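For the record, in the sequence shown the residue sitting at position 178 is 208 according to our numbering, with numbers rising by one throughout.
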Amino acid sequence: MDDYRREIDLGRLWSTIHEEARRDAQQFPLLADFYQQQLLQHDNFGASLAYILATKLSDDPFRIDAWHAQFSQLMDSDPTIEAAALKDLCCQLQSNASIKDHYTPLLHFGGYQALQAHRLAHACWQRGDQPLANYIQGRVVSLYGVDIHPAARIGAGIFIDHAVGIVIGETAVIEDEVTIFQSVTLGGTGKGQGDRHPKIRRGAFIGSGALVLGNIEIGAEAKVAAGAVVVKPVAANQTVVGSAARLIGAAKLDASSAENKGNRV
Numbered sequence: 031m032d033d034y035r036r037e038i039d040l041g042r043l044w045s046t047i048h049e050e051a052r053r054d055a056q057q058f059p060l061l062a063d064f065y066q067q068q069l070l071q072h073d074n075f076g077a078s079l080a081y082i083l084a085t086k087l088s089d090d091p092f093r094i095d096a097w098h099a100q101f102s103q104l105m106d107s108d109p110t111i112e113a114a115a116l117k118d119l120c121c122q123l124q125s126n127a128s129i130k131d132h133y134t135p136l137l138h139f140g141g142y143q144a145l146q147a148h149r150l151a152h153a154c155w156q157r158g159d160q161p162l163a164n165y166i167q168g169r170v171v172s173l174y175g176v177d178i179h180p181a182a183r184i185g186a187g188i189f190i191d192h193a194v195g196i197v198i199g200e201t202a203v204i205e206d207e208v209t210i211f212q213s214v215t216l217g218g219t220g221k222g223q224g225d226r227h228p229k230i231r232r233g234a235f236i237g238s239g240a241l242v243l244g245n246i247e248i249g250a251e252a253k254v255a256a257g258a259v260v261v262k263p264v265a266a267n268q269t270v271v272g273s274a275a276r277l278i279g280a281a282k283l284d285a286s287s288a289e290n291k292g293n294r295v
């Protein structure tokens with residue numbers, strides 16, 4: 031991924047997506063209605079994104095239009111949602127050599143869609159609409175296997191690859207241009223309240239299966255290798271690897287538990 035960089039004309043991105051969708055709709059008639067509904071019927075990127083997410087998150091096919099209107103209203107009231115979504119899309123297109131067109135992440139990538147759904151959930155959370163935020167979070171978990179608390183703060187230009195198994199806690203902060211692979215946990219250490227989740231600074235890289243636990247900082251441009259378990263801060267531009275469990279004490283049983291255990295046959 032580091033060696034690949036495709037230039038994207040942001041000013042023409044939506045018109046390019048339309049041109050590609052029209053071409054592919056003609057070439058693959060079975061997909062013509064799909065392209066029409068998801069992309070071609072919409073005048074701009076924001077309207078298309080709101081519709082795509084509405085079709086995914088709606089609890090009832092007959093309520094897709096209502097959810098589309100709800101998501102469009104959220105995006106109109108907070109232009110940073112669409113701006114961040116565009117930067118996320120450009121990041122995917124610039125960094126992922128497997129993408130040959132300009133619309134595949136928008137239509138098909140669970141990580142990209144889960145992240146944009148989180149942006150809507152976060153907007154609801156910030157407005158005090160927690161039931162809506164929690165509903166969106168729950169649907170994202172069911173659809174994509176991605177669990178991001180609506181209160182988590184996430185920047186723009188985020189590259190989430192594969193995405194399945196990602197968990198991001200309530201007080202986590204992810205700054206711009208961060209890369210996160212599948213099965214990453216940005217979690218707590220058992221503290222029940224307060225600021226208890228990681229802060230991932232600009233340009234950091236978190237490899238697949240990594241666990242970053244507690245209110246610690248992963249510095250700008252730092253790298254956490256796949257499978258690493260990190261419980262201490264990582265300085266900017268540093269790389270950390272590895273995981274090793276160590277004994278910290280014997281488990282203690284209360285009297286009733288010990289008695290019950292002794293009575294088992």
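Every residue gets a Cβ at the ideal spot worked out from N, C-alpha and C, and that includes glycine.
Fair warning: this is a prediction, and the values are worked out from it, not measured in the lab.
Would residue i and residue j be called neighbours here (beta carbons separated by less than 8 angstroms)?
i: A144; j: A193; result: yes
i: V254; j: V261; result: no
i: F189; j: Q268; result: no
i: Q124; j: R36; result: yes
i: D177; j: V203; result: no
i: L104; j: L69; result: no
i: L119; j: P109; result: no
i: N245; j: R226; result: yes
i: A115; j: L79; result: yes
i: E50; j: D106; result: no
Return the CA-CA distance between residue i and residue j, expressed in angstroms with no decimal places.
i: G220; j: I210; result: 23 angstroms
i: I94; j: E205; result: 32 angstroms
i: I248; j: P59; result: 48 angstroms
i: H179; j: I47; result: 31 angstroms
i: Y165; j: Q57; result: 38 angstroms
i: F139; j: A84; result: 15 angstroms
i: T215; j: G237; result: 10 angstroms
i: L229; j: E251; result: The amino acid occupying residue 229 in the given sequence is Lys; Leu does not appear at that position. If you take the alpha carbons of K229 and E251, they lie about 13 angstroms apart.
i: S88; j: A163; result: 13 angstroms
i: G272; j: P263; result: 15 angstroms
i: G158; j: G41; result: 34 angstroms
i: M31; j: N126; result: Note that M31 scores a pLDDT of 45, beneath 50, so its modelled location is shaky; the value from the coordinates is reported in the next line. Straight-line Cα distance between these residues: approximately 6 angstroms.
i: W44; j: I38; result: 11 angstroms
i: F92; j: F235; result: 41 angstroms
i: G175; j: K86; result: 14 angstroms
Measuring CA to CA, which of the options is closest to residue i?
i: A153; options: G141, D191, S172 and I111; result: I111
i: L173; options: E251, W155, A147 and G224; result: A147
i: R183; options: P109, L137, N245 and E200; result: E200
i: Q67; options: A151, I82 and L116; result: I82
i: G233; options: E207, R42 and L243; result: E207
i: A265; options: R231, A256 and G272; result: R231
i: S213; options: V170, A181, W44 and G257; result: G257
i: G187; options: A181, Y133, W155 and K117; result: K117
i: V171; options: G185, G195 and S128; result: G195
i: G224; options: D90, A181 and L61; result: A181
i: A99; options: D90, G279 and A77; result: A77
Assuming residue i contacts residue j under a Cβ cut-off of 8 angstroms, what Cβ separation, rounded to an integer in Å, is found between them?
i: G218; j: L243; result: 7 angstroms
i: G141; j: D73; result: Between D73 and G141 the Cβ distance is about 26 angstroms, and since that is not below 8 angstroms, they are no contact.
Can a CB atom of chain B be found closer than 8 angstroms to the CB of residue i?
i: F75; result: Annotation note: the requested chain B is absent from the structure, which comprises a single protein chain.
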